[in-house]
Every structure is written in C-alpha cells, then in structure tokens.
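**Student:**
There are 2 protein chains.
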Amino acid sequence: MPASYETHRKQLELILEAWGMPKATAAGTAEIMAWADLHGIDTHGISMVPPYDERRLGNKLDLRAEPKIVKETPVSVLVDGAGGLGHPAGRRAMEIAIEKAKKTGIGVAAVRNSGHFGACGFYVLQAVDAGFIGMATTSASGINMAPTNGAQARLGTDPIAFAAPGKPGEPFLLDMATTTVAAGKIRNKANEGLQTPPGWLVTKDGLPSTDPHEVSKGGFMTPLGGTPEGSSHKGYGLGAMVNILSSALSGGAMVTDPTRNTRPGPIDIGHFFLAMDPGMFRDTADFQADVASFCDTLRATRPADPAKPVQVAGDPERRIAAARMKTGIPVGPNLLAKVKEIALASGADWIMEG
Amino acid sequence: MPASYETHRKQLELILEAWGMPKATAAGTAEIMAWADLHGIDTHGISMVPPYDERRLGNKLDLRAEPKIVKETPVSVLVDGAGGLGHPAGRRAMEIAIEKAKKTGIGVAAVRNSGHFGACGFYVLQAVDAGFIGMATTSASGINMAPTNGAQARLGTDPIAFAAPGKPGEPFLLDMATTTVAAGKIRNKANEGLQTPPGWLVTKDGLPSTDPHEVSKGGFMTPLGGTPEGSSHKGYGLGAMVNILSSALSGGAMVTDPTRNTRPGPIDIGHFFLAMDPGMFRDTADFQADVASFCDTLRATRPADPAKPVQVAGDPERRIAAARMKTGIPVGPNLLAKVKEIALASGADWIMEG
Chain Y
38 MPASYETHRK
48 QLELILEAWG
58 MPKATAAGTA
68 EIMAWADLHG
78 IDTHGISMVP
88 PYDERRLGNK
98 LDLRAEPKIV
108 KETPVSVLVD
118 GAGGLGHPAG
128 RRAMEIAIEK
138 AKKTGIGVAA
148 VRNSGHFGAC
158 GFYVLQAVDA
168 GFIGMATTSA
178 SGINMAPTNG
188 AQARLGTDPI
198 AFAAPGKPGE
208 PFLLDMATTT
218 VAAGKIRNKA
228 NEGLQTPPGW
238 LVTKDGLPST
248 DPHEVSKGGF
258 MTPLGGTPEG
268 SSHKGYGLGA
278 MVNILSSALS
288 GGAMVTDPTR
298 NTRPGPIDIG
308 HFFLAMDPGM
318 FRDTADFQAD
328 VASFCDTLRA
338 TRPADPAKPV
348 QVAGDPERRI
358 AAARMKTGIP
368 VGPNLLAKVK
378 EIALASGADW
388 IMEG
Chain D
38 MPASYETHRK
48 QLELILEAWG
58 MPKATAAGTA
68 EIMAWADLHG
78 IDTHGISMVP
88 PYDERRLGNK
98 LDLRAEPKIV
108 KETPVSVLVD
118 GAGGLGHPAG
128 RRAMEIAIEK
138 AKKTGIGVAA
148 VRNSGHFGAC
158 GFYVLQAVDA
168 GFIGMATTSA
178 SGINMAPTNG
188 AQARLGTDPI
198 AFAAPGKPGE
208 PFLLDMATTT
218 VAAGKIRNKA
228 NEGLQTPPGW
238 LVTKDGLPST
248 DPHEVSKGGF
258 MTPLGGTPEG
268 SSHKGYGLGA
278 MVNILSSALS
288 GGAMVTDPTR
298 NTRPGPIDIG
308 HFFLAMDPGM
318 FRDTADFQAD
328 VASFCDTLRA
338 TRPADPAKPV
348 QVAGDPERRI
358 AAARMKTGIP
368 VGPNLLAKVK
378 EIALASGADW
388 IMEG
C-alpha cells in the first residue's frame, strides 16, 4: 500500500538527516521533495534519493552545507549554495526575494555553487503564497540536449517555472523543461518496446529518429519544438536563456564549461528566482480576478475530444495531488527497495512499508 | 531595386507623420518598424502598413495618441498607451524601466491600452544597449491559436523576447512567438501548393492536419510543441504566461474577454518589459564574458550537416541585417504597390521606387 504523504515526507526527512543535513534544513528539503511526488512529478522527489546518495558518496554534494548570502541590494540577493543540495538554497533565495518584493515591489535572487533543487514549481508557489508572481529557472547537471542542427549535447533539460495567483488554491503554474519531453518518457517507450513520436530525439549524428534506444547509443534529446521545421530553435533558445539567467548571472559554472562535470567537488548548479507584486501596477484583487477568469475561460475551450478537456498549467498536478493525498504516494517496488537499502546503510529509520 | 535602409525608414516615417503621428514619435516608430524589416522580420515592419491603415480608418487605432505614465514606484511604471500604436508606448516604457534599473538594479514596466508594437526584439535590445538583460512580452490582437486538446481559438501568437549582452554587437537575442510557426509560414506553404509539416496546425475540430488550407477553413494554429505528444502544453503554457504578464498585470483587456475584439475603439493590447542589471550580482564584464563564451561554444557544436552550422538566438537576424544594410531591404511588388497607394491616399510623399 502506498505510504501517506506524511509518512513519505517524514521518510525523506529521516534519510536527509542521516546524511548529515541540519534538522530544520532536512525538514524543509523533504517537504520540497515530497511536494514533487505528491503532485505526480515523480522524477524529482524520492526517485532522486539514489543519485543524491551517489553524489554525496562521490564528494559531489555536501549535505552539511548551509547557503550563504554573498551580496545584497534592496531588490536583489546573491546566494552561495556552498555545494549542497539546491533545495535549501533555492527556498531561502526565494524567501529573500519575496521579503524584498514586499518592501520594493520586486525581488530577484541568483544562486551559484548549488545542486539539484528538485521541481521548479515549488519555489514559484512560495511567491504565489505571498500574493506575488513568481519565476524560477535552474541550470541542469546532465548535458543531454543537442541544439537545433547539432550532433553534440550542449544543454540540459533547463527548466523554467512561472506562477501567478488566481482563484484561491488554483494558481496558474507552469513548470516545464525546455526539452521536448523528459528523459523518463523516452525510457518508458523503450521499456514498452514502442517507437517514440517524431521529434523526441536525434541519433548521435543529429538525425531524427523514433527509436527510443538511440539515446543509449549516443543520441540526444531535442529542444521543445522537436525538429527544425517544428521550430526547435525556440526550445533551444529558451534553454539557453535559462542558462544565462541561472548560471551567467550568478557566476555559477556555465554548462558549456568543459571542466564543469569533470572537476572534483560539487558541480556548481545555478538558479534564478523572481518575485513580483502585481500591486505595483493595479489592485491585487483585480489582477487575481483577471487571472482566475482567464484560466476559467481557457478551461471552457471546446475540446477536440470531449474525453480530454482543455486544462490550464497546474491543473493536472493539482488533480494528482488531491488523489494522492487520499490514497498515498505510489513508489515502484524496485525504487522502494533501493531507497530502503540506502536509508538503512545511512543509519536512517525505515518507516515506509516494504 | 530594394530601397536602402535609410530610404525605407524615412518612407515609414513620412507615412506615420501623414497619419497624424507627432514628428518625434513618428521617427521613433519608423525606426522600430524598419529595424524589423532590416533584420528579416518582414511580418512586423512595412507589411504592417496596410493593417495599421485599416485599423486607423476603422477607429481602432489613434495615431495622435501620446502614452501617459499612470503609476510609478522606484522599480516600476504603468503606462497607458492611449489607444495608439504600441511602438511609442513600448519604447518609452522600456526607457523608463532602464532608467529605474540604473538606479535600483531592476525596472519593470506594464503597458495597457496599447496597440501592435512590432517586433519584441527591438525593445530588449534597448536594455542590452544599457548593459542590461531585457525581457519583453506582448498580447496579440489576433486570436488564432487553439490550446492543447482544444477546437477553439483562445490565444494569439503571444511572443516573448529575452536578450543579454555578450560579445559587443553580438548579444544573445531570443524573440519568439509561442505558436509553432508564424501564420505567414502556413500561408507560404499554401501559396506553393505544399503540405505543412505535422504539428503546424489543426482543423476546426482540433484534429491534426498537414493541409495549409485548413487554416482558412476555420482551423487553428498550434502552440509550440505542435501536438500533445510533442508537448504543445508547454507552448500553450508560455502563451498563457505572456497574456498574464502583458494584460493581467497592466489591466489591459484579456484576450479571453469576449468583448475585446468586438467593442468599438482601440483593442487594448498589453505589454510587459523588464530591465535588469547583472552588476547586482557580479562584475558586469565577467557576466558578458560568460555570455559571449557560452554563445561561442554553442556555435562550435558539431553540426548534423556541415552546411547548416549551429546558430545562437540573434545570429540569423544579424546576418540578414548586415546583408540588407548593403543591398537594401526587399519588399514584394504587391505589398509595395499597396503601401504606395496608402501613402499617397494619406498625403505622404513617396520616396521609394515603384
């Protein structure tokens, strides 16, 4: 039986604490990871325990790290993640951006020397909770996307998130990788013995392919748009923008720096956060009412197939979260066994089943 | 023979002045329109003269309008476009955002009650000229894009632009519609009697089609990604984000407001601008060097086809501009004849050939 949200979250907290993360930081990080799993973003929660463990043991991640403020102005902050996981650094950076936005109307935060921070969506919702618009980007650790016309990986999944408050509890929440699909979707097709739709990947020579196994033979993921004639230069451009905002602005290592993934020590991921008060421009209630009505009208769009109603960014994840809050968060048996093994090896109590 | 950039620009200025636009405003607007044509963005310069003329004569556009500042804080400004063309309002709004960023590090501008403002790219380059990162979005007048799974148009081309200074004269410059392709590309296929690649459009029932004539039979453009399995929900989400930033924030009419395109008077387009000083976070020269090196490494990506090198956002437009600065700006004979007819009917001197 799937563990409840609370057990799932607590288990993550116990593992992070066993890894040496300070108590409050572990609780905050576990909340962000469990948020991803609760909302169906299964690639960014408990499934990251094995890679985090590997990075930790390989000295690519310092769980004892505490983020430090490097530089501040009334509207901005530069945070050094100190080589730790990105969750505490990201959460703190967005908190500071929000504090500044409360005083000045806008706050921006750049983070360098950080690690994987989970799902972007969590951070922009911090801004929404304050009644603000939020934006977040992060550079990626994996280099697996070939630019349009390229036959070489240069960028990663390079996600961007944007949220705005609308109807209470139903913010607009866009959280997207700038690649066509997540790597996991390609793996799933391979596991099922299916071809991938056109545009999901290219071979090691940069040629279009619908064979999901090409990725493990040296092929690459594609930028959103999929192919040059599908305007993949736009997804590629967005991915580059994400790297400029996340790493060039903070002074983190650029993904194109050849030493980035080979040098010893933490990988130096960068993030960017923005919080903006709509009240700078107009009555906040009017803004929220417009966003709410905009989203409702989009949902009321005549569907091509009545079985597939038109949704708004954030809707699918909220639906999954509501269901999982009742039935628990499913975790595949192989992953669960692996996480248990890691937890016990780390000296953490095991409170999940299995 | 194509007119030189200077003649092309001057001709636009003469037409705008003949339409009653104040002299300085006409010069500034003609510069933005000619910039688009010079850079190969042929859909946003002189080709807009006929629709602008139609809107002007239909009282949907007030050429005598002067943008007004409605509300200001040290980091923000709300501008009312007064029902005029968007170029003067947009340019002024970004100027003010830049002035504020010079003092505080960041400036944002929202514009409401505005009109079509041409190519987004021009405005983000204003920020680059100041050494800043620039971002711009605008809502669209046309409603022609069906959301993912939809069989009804709800959004427009909803473009977003982002620029960052790198090597001098070679900024990173992303300027993209959030639809898969521009409407003109679909028209071109129809004119050539060709099918469109999969994902460019859907029929009036929201079904995929490769027949470019479907658009004139009630079909719709698609969000970037093209199809649900190509992740068109991402392009759709970006288009919705653009509308929230451009119209919900400024208090302009939402594209989903059913009265927006039918009520008398100007159409109430909204824009959003952001200027941000990288110097808030680190030495500006270091930032620019990182952007420059990042772009150079992307350009050096091994290409799938050596005849098609990997480019960076902004490269293709710069190449066209360099060529057109030498050879002049080509304008198709039908468009040229139409613009001449409008110019003469408006009482403007005709200084182009033809």
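These protein sequence lines map, in sequence, to chains Y and D. Per our numbering, residue 38 is the first one in the first sequence, and the count goes up by one each step. Per our numbering, residue 38 is the first one in the second sequence, and the count goes up by one each step. For each residue, glycine too, the CB sits at the ideal point set by N, CA and C.
(1) Is Y:Thr174 helix, strand or coil when you go by DSSP?
(2) Identify every residue that forms a DSSP beta bridge with D:Ala201.
(3) Within a Cβ cutoff of 6 Å, which residues of the same chain sit near D:Met291, ignoring the five residues on either side of it in sequence?
(4) How is Y:His153 classed by DSSP in three states: helix, strand or coil?
(5) Based on DSSP bridge pairs, tell me the residues matched to Y:Ser284.
(6) If you reduce the DSSP assignment to three classes, tell me which class Y:Ala337 lands in.
(7) Nearest to D:Asn298 by alpha carbon, out of D:Glu207, D:Gly179 and D:Phe209?
(8) Pull the bridge partners of D:Asp117 from the DSSP assignment, please.
(9) Are the beta-carbon atoms of D:Ile306 and D:Thr110 separated by less than 9 Å?
(10) In three-state DSSP terms, what is D:Ile133?
(11) Around the Cβ of Y:His250, are there at least 16 other Cβ atoms within 10 angstroms (buried) or fewer (exposed)?
(12) What's the gap between the Cα of Y:Thr321 and the Cα of Y:Ala188?
(13) If you draw a straight line from the alpha carbon of D:Gly121 to that of D:Val148, how long is it in whole angstroms?
(14) In chain order, what residues of the region 245-268 of chain D put their CB closer than 7 Å to some CB of chain Y?
(15) Can you list, in chain order, the stretches of the beta strand (DSSP E) that have 3 or more residues and sit fully within the region 283-333 of chain Y?
(16) In chain order, what residues of the region 191-219 of chain Y put their CB closer than 7 Å to some CB of chain D?
(17) Are the CB atoms of D:Thr1 and D:Pro260 nearer to each other than 9 Å?
(18) Look up Y:Val347 in the DSSP assignment and say whether it is helix, strand or coil.
(19) In the structure shown, what three-state DSSP assignment does Y:Phe257 receive?
(20) In chain order, what residues of the same chain lie with their CB nearer than 6 Å to the CB of Y:Phe159, ignoring the 5 residues before and after it?
(21) I'd like to check one pair, Y:Leu115 with Y:Gly288: are the Cβ atoms closer than 9 Å?
(22) Run through DSSP, which three-state label would Y:Ser268 get?
(23) For the region 105-135 of chain Y, enumerate the residues whose C-beta is nearer than 8 Å to any C-beta of chain D, in chain order.
(24) Taking beta-carbon pairs under 9 Å, can you tell me which members of the region 174-187 of chain Y lie near chain D?
(25) Could you tell me which residues DSSP puts in a beta bridge with Y:Ile366?
(26) With distances taken between CB atoms, is the gap from Y:Val279 to D:Ile143 smaller than 9 Å?
(27) Taking 8 Å as the cut-off, does the CB of Y:Leu231 come closer than this to any heavy atom belonging to the ligand MN?
(28) Taking 8 Å as the cut-off, does the region 206-213 of chain D touch the region 356-370 of chain Y (at least 3 CB pairs, one atom from each stretch)?
(29) Pull up the distance between the alpha-carbon of D:Arg361 and that of D:Asp352, whole angstroms please.
(30) Measure the Cβ-Cβ separation of Y:Gly365 and Y:His45 and say whether it is below 9 Å.
(31) From the beta carbon of Y:Leu335, is the nearest beta carbon of chain D less than 9 Å away?
(32) How big is the Cα-Cα spacing for Y:Ile133 and D:Gly203?
(33) Report yes or no: do the region 221-235 of chain Y and the region 343-359 of chain Y share at least 3 C-beta pairs separated by less than 8 Å?
(34) Name the DSSP bridge partner or partners of Y:Pro245?
(35) Note down the Cα distance separating D:Val400 from Y:Ala350, rounded to an integer number of angstroms.
(36) Applying a beta-carbon distance threshold of less than 8 Å, which residues of chain Y neighbour D:Phe318?
**Tutor:** Reading from the atomic positions:
(1) Start at 1 with the first residue of the first sequence, and residue 174 of chain Y comes out as number 137. Strand at Y:Thr174.
(2) Your numbering for residue 201 of chain D matches position 164 in the second sequence. Bridge pairing for D:Ala201: D:Phe209 [DSSP].
(3) Indexing the second sequence from 1 puts residue 291 of chain D at position 254. Answer for D:Met291: Ser284, listed in chain order.
(4) Looking up residue 153 of chain Y in the first sequence gives position 116. Y:His153: coil per DSSP, three-state reduction.
(5) As a working mapping, residue 284 of chain Y is identified with position 247 in the first sequence. None, per the DSSP bridge assignment.
(6) Locating residue 337 of chain Y in the first sequence gives position 300, counting from the first residue. Correct three-state label for Y:Ala337: coil.
(7) Indexing the second sequence from 1 puts residue 298 of chain D at position 261. For the residues D:Glu207, D:Gly179 and D:Phe209, the minimum Cα distance to D:Asn298 belongs to D:Gly179.
(8) Within the second sequence, residue 117 of chain D is the residue found at index 80, counting from 1. Under DSSP, the beta-bridge partners assigned to D:Asp117 are D:Lys105 and D:Arg149.
(9) Here residue 306 of chain D is taken as the residue at index 269 of the second sequence, counted from 1. Here residue 110 of chain D is taken as the residue at index 73 of the second sequence, counted from 1. One thing to note: D:Ile306 has its Cβ no nearer than 9 Å to the Cβ of D:Thr110.
(10) Position 96 of the second sequence, counting from 1, holds the residue named residue 133 of chain D. In the structure shown, D:Ile133 sits in a helix (DSSP, three-state: H, G or I).
(11) Residue mapping note: residue 250 of chain Y aligns to position 213 of the first sequence, counting from 1. Y:His250 comes out exposed.
(12) Working through the first sequence from its first residue, we reach residue 321 of chain Y at position 284. Working through the first sequence from its first residue, we reach residue 188 of chain Y at position 151. Approximately 48 Å between the Cα atoms of the pair.
(13) As a first step, residue 121 of chain D must be located in the second sequence, where it is residue number 84. As a first step, residue 148 of chain D must be located in the second sequence, where it is residue number 111. Straight-line Cα distance between these residues: approximately 12 Å.
(14) Listed in sequence order: Leu261, Gly262, Gly263, Glu266, Gly267 and Ser268.
(15) Segments of the beta strand (DSSP E) lying fully in the region 283-333 of chain Y: 306-313.
(16) Residues are counted here when their Cβ sits less than 7 Å from a Cβ of chain D; for the region 191-219 of chain Y these are Arg191, Phe199, Ala201, Phe209, Leu211, Met213, Thr217 and Val218, given in chain order.
(17) As displayed, chain D neither begins before 38 nor continues past 391, which places residue 1 of chain D out of reach and without an answer.
(18) To locate residue 347 of chain Y, count along the first sequence from 1; it is residue 310. Correct three-state label for Y:Val347: coil.
(19) Within the first sequence, residue 257 of chain Y is the residue found at index 220, counting from 1. DSSP, read as helix, strand or coil, puts Y:Phe257 in strand.
(20) Here residue 159 of chain Y corresponds to residue number 122 of the first sequence, with the count starting at 1. Correct list, in chain order: Ile69 and Trp72.
(21) Here residue 288 of chain Y is taken as the residue at index 251 of the first sequence, counted from 1. Here residue 115 of chain Y is taken as the residue at index 78 of the first sequence, counted from 1. Against a cut-off of 9 Å, the Cβ pair of Y:Leu115 and Y:Gly288 comes out as a contact.
(22) Walking along the first sequence from the start, residue 268 of chain Y turns up at place 231. Looking at Y:Ser268 - three-state DSSP - the assignment turns out to be coil, as it is neither helix nor strand.
(23) Those would be Lys108, Thr110, Pro111, Val112, Ser113 and Leu115, in chain order.
(24) Result list: Ala183, Pro184, Thr185, Asn186 and Gly187.
(25) Against the first sequence, residue 366 of chain Y aligns to sequence position 329. Assignment of beta-bridge partners to Y:Ile366 by DSSP yields Y:Ala40.
(26) The sequence position of residue 279 of chain Y within the first sequence is 242, counting from 1. The sequence position of residue 143 of chain D within the second sequence is 106, counting from 1. Going by beta carbons, Y:Val279 and D:Ile143 fall outside the 9 Å limit.
(27) Because no ligand of any kind appears in the structure shown, any question about the ligand MN cannot be addressed here.
(28) No, because fewer than three Cβ pairs between the region 356-370 of chain Y and the region 206-213 of chain D fall closer than 8 Å, the two stretches do not touch.
(29) Stepping through the second sequence from its first residue, residue 361 of chain D is reached at position 324. Stepping through the second sequence from its first residue, residue 352 of chain D is reached at position 315. Cα-Cα distance, rounded: 14 Å.
(30) Position 328 of the first sequence holds residue 365 of chain Y. Position 8 of the first sequence holds residue 45 of chain Y. Contact flag set, yes.
(31) As a working mapping, residue 335 of chain Y is identified with position 298 in the first sequence. Y:Leu335 counts as touching chain D.
(32) Counting from one through the first sequence, the residue named residue 133 of chain Y turns up at place 96. Counting from one through the second sequence, the residue named residue 203 of chain D turns up at place 166. Distance from the CA of Y:Ile133 to the CA of D:Gly203, rounded to the nearest whole angstrom, comes to 28 Å.
(33) No, the region 221-235 of chain Y is not in contact with the region 343-359 of chain Y.
(34) Here residue 245 of chain Y is taken as the residue at index 208 of the first sequence, counted from 1. Within the DSSP bridge table, the entry for Y:Pro245 names Y:Val239 as partners.
(35) Nothing in the structure corresponds to residue 400 of chain D, since chain D is present only between 38 and 391.
(36) In the second sequence, residue 318 of chain D corresponds to position 281, counting from 1. Those within 8 Å of D:Phe318 in chain Y are Lys108, Ser113, Leu115, Ala147, Leu286, Ser287 and Gly288.
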